[in-house]
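See below for the structure under consideration.
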Amino acid sequence: MRWSEDQLQAHLKAHRNRANLSKERLKTENDAKVHQANKTILNAKIQRNKICDEKEILNCEIATCPPSVNHYWVASGKKRYLSEQAKIFHALVRVLVPAKQTEARLKLDVTFHFPNYQTRDIDNYLKATIDSLVKCGLCVDDEQFDELVVKRGEVVKGGLIKLKVMELE
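When the letters of the sequence shown are read in order and numbered with the working numbering, they come out as residues 1 to 169.
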């Protein structure tokens, strides 16, 4: 059976109408979910601000810079390993930061003082910093960090990291 041009156009129009209605329905459903999620988040924030205190568990300065994510891993074939820079950084943090093995939700406030004025993405230095806090035993898993405050400080010769970790109660 062959459709006439009018039948084909009518069919395509109906198909486009169904597709557009489907898109509109999906958008409406998504907007409703986003609105509900935002209400839930707002209620949780209000509730958390009422009952949540921050207990400082770490306040230290480390006179170095962590390796960037770009220099954190070394590839060998299909496998990836921690770079020598990453291992040295983890060892330094292990010496300076006490092992608490906290299981609480955490907030990290970190300030990176880089050794020079070279252009850097400060978020690239978070991976090594947070991983080192886990490897030294301060916390159990990097998933525990609910809040991250990352700042760029003044240039310091040799580099410097100021770390402050709080338990969110």
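Just so you know, even glycine gets a beta-carbon here, dropped at the ideal spot from N, CA and C.
In chain order, S83, Q85 place their CB closer than 7 Å to the CB of H71, counting only its own chain and leaving out the 5 sequence neighbours on each side. Within the same chain, A99, Q101 come within 6 Å of G137 by CB-CB distance, once the 5 residues on both sides are set aside. Contact check for H113 and V74: beta-carbon distance about 26 Å, past the 8 Å limit, so the pair fails to qualify.
If you check the CB distance, P66 and T129 come in under 7 Å. The beta carbons of L163 and L58 sit about 6 Å from each other, so the pair counts as a contact at 8 Å. Cβ contact annotation for V69 (same chain, cutoff 6 Å, sequence separation greater than five): N124, K127, in chain order. Contiguous beta strand (DSSP E) elements confined to the stretch 84-142 occur at 105-113, taking only those with 3 or more residues. Residues V155 of the same chain have their beta carbon placed closer than 8 Å to that of Y117, with the five preceding and five following residues left out of the count. When the Cα atoms are used, K27 and K33 turn out to be separated by approximately 10 Å. Counting along the chain, the unbroken beta strand (DSSP E) around S76 starts and ends at 73-76. In this structure, A63 places its C-beta atom within 7 Å of the C-beta atom of L160.
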